[in-house]
Structure formats: C-alpha cells, structure tokens
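The opening residue of the sequence shown carries number 1 in full-length UniProt numbering; numbering runs sequentially from there. All residues carry an ideal CB built from backbone N, CA and C; glycine is no exception. Nothing here was measured: the structure is a model prediction, and the numbers come from that model.
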Amino acid sequence: SPPCLHLVHQDPSMGEREILFSRTIFIERDDFRLQDDPQYFGLAPNKDVGLLGTGVVLTCTEVVKDSKGNVEKLKATVRPRGDAKPKGNIHWVSEGAAVKAELRLYSNLFTVENPNVTPAKSAAAAEEPVKGDEDVEDDEEVAGGAGSWLDYINQDSLKVEKDALVEPSLLAFASQPGTSFQFQRVGFFAVDLDSSSSKLVFNRVVPLTGPRAIV
Numbered sequence: 001s002p003p004c005l006h007l008v009h010q011d012p013s014m015g016e017r018e019i020l021f022s023r024t025i026f027i028e029r030d031d032f033r034l035q036d037d038p039q040y041f042g043l044a045p046n047k048d049v050g051l052l053g054t055g056v057v058l059t060c061t062e063v064v065k066d067s068k069g070n071v072e073k074l075k076a077t078v079r080p081r082g083d084a085k086p087k088g089n090i091h092w093v094s095e096g097a098a099v100k101a102e103l104r105l106y107s108n109l110f111t112v113e114n115p116n117v118t119p120a121k122s123a124a125a126a127e128e129p130v131k132g133d134e135d136v137e138d139d140e141e142v143a144g145g146a147g148s149w150l151d152y153i154n155q156d157s158l159k160v161e162k163d164a165l166v167e168p169s170l171l172a173f174a175s176q177p178g179t180s181f182q183f184q185r186v187g188f189f190a191v192d193l194d195s196s197s198s199k200l201v202f203n204r205v206v207p208l209t210g211p212r213a214i215v
C-alpha cells in the first residue's frame, strides 16, 4: 500500500494522507553532505537515513557530479527498516507527484533586539535627562542619520525560494489565503494572497530551530 503520513505530526487521531513513493525522489540539498560528521544526522556516502512515512532505510551508494563538480544526483538503495535505527530521518517528495511552489522565508526585520536602543545609546542613558515630547519630535526629524534605527534593518529579512517542491495535497488549499501548515522539519507556513492553483505561494511564519535532520 502507498506510504502514509499523519495530517498532524505526532497526532494520528487527526487522520492520514497517502503519498506517492517512486524510484526517483527529491530531498533537501542540506540533507546531504560529501563528508559525514558525528553531529550530522543527514545523508552522506555509504550512510543510512530513514525516509519519513515509508518504513524503509535509504543508503547512499554513489554520488554523481556535473562538469563543475557540483552534486547533481545520488544513487541509493532502500531496504525495510526492520530493527535498523538510522541516526536521522529526512523528508522527501516523489518526482512523479512533486508540485512547484514559491516559499517566502521571512525572518527578523532588525539585526538587534531593539533598534532604538543601541549599545552607545544604552551606555549614555544614565547621563542623559529624561526627554520630553518636544525632544522625541526632534529625533524623528533626523531619522536615517548616524545611529538611527534604519542602520539596523536586516537586509536578509526576506528570502524567496521560487522553485521549491511540495506535496500535491497542498493544491487543495491554493486559493485559501491564511491557511497554515507545518512543513515538517522546515517551519510553519501560511498560504499567501498571491497563491493560486497555477502558482502556489507560502509565507514562512515561524522557522524551526535546532538541527533540522533530527527526527
């Protein structure tokens, strides 16, 4: 029977969804390394990982590179999990069912916790008298000058992945902006207003922290 995954991670009572498991699958690029490491839980040459929802263990047997030396694809074998206890488990999508999507990865807007209180301002705070409203107004007039909050804008607060691959089951929610999901091992996402059945768009609301490959 086709592999199944829980609709809600770690809550079987919410039901399951079937997923296609084909000979060719896609995995996260970050879930493979040429050099293994004791603290790394992803895939490496001659190393085992579990494939979430399949009940099998995958072993990388060959690395195929392009003319520039970049990893192009991996060849691997699979076997029933049995009593095997791979160090990590990774998510995947089938080549025959994967759907393209745009992921908008939002992070902190500022590079410091409070852009209005820089270390220099904090050190001088004890020596300065409390400002009145008229002083605050003067500060606003010089916004953008030296030491202003504009200096702490995070230039990487939005990254866009235009060619992400997701499960086809998400197409059912393409025109339901605000509907939220947990993309397992990645983060929490919501359907964007720009999303449609011809172009899925999801906004990352909350990222997951810690080593992603530990499941």
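Query raised in the report: CB residue 54 to CB residue 21, shorter than 8 Å?
Result: yes
Report task. Can you have a look at residue 191 and say buried or exposed, based on whether 16 or more other CB atoms are within 10 angstroms of its CB? Result -> buried
Report task. Return yes when the Cβ of residue 105 is within less than 8 Å of the Cβ of residue 170, no when it is not. Result -> no
Query - Beta-carbon contacts of residue 33 that lie in its chain and below 7 Å, excluding the five residues immediately before and after - result: 40, 42, 44
Query - Span of the beta strand (DSSP E) around residue 207 - result: 200-207
Query raised in the report: Out of curiosity, what's the CA-to-CA distance linking residue 59 and residue 155?
Result: 39 Å
Query raised in the report: In or out: residue 30 buried (at least 16 other Cβ within 10 Å) or exposed?
Result: exposed
Query raised in the report: Whose C-beta lies closer than 6 Å to the C-beta of residue 102 among residues of the same chain, with five residues either side of it excluded?
Result: 162, 201
Query raised in the report: Contact check, residue 84 vs residue 57 under 8 Å by CB: the rounded distance?
Result: 5 Å
Query raised in the report: Anyone know if the C-beta pair for residue 180 and residue 189 falls short of 8 Å?
Result: yes
Query raised in the report: Candidates 68, 70, 76: which alpha carbon is nearest residue 62's?
Result: 76
Report task. Tell me whether the beta-carbon of residue 193 lies closer than 8 Å to the beta-carbon of residue 99. Result -> no
Report task. Evaluate residue 88 with the Cβ neighbour count: other Cβ atoms within 10 Å of its Cβ, from every protein chain shown; 16 or more gives buried, anything less gives exposed. Result -> buried
Query raised in the report: Does DSSP classify residue 106 as helix, strand or coil?
Result: strand
Query raised in the report: Using CA coordinates, which residue listed in 107, 67, 195, 94 is at the minimum distance from residue 176?
Result: 195
**Report entry** For residue 165, the first and last residue of its enclosing beta strand (DSSP E)
**Finding:** 158-166
Report task. Helix, strand or coil for residue 80, going by three-state DSSP, please let me know. Result -> strand
Query raised in the report: What does DSSP give as the partner residues of residue 93 in its beta bridges?
Result: 26
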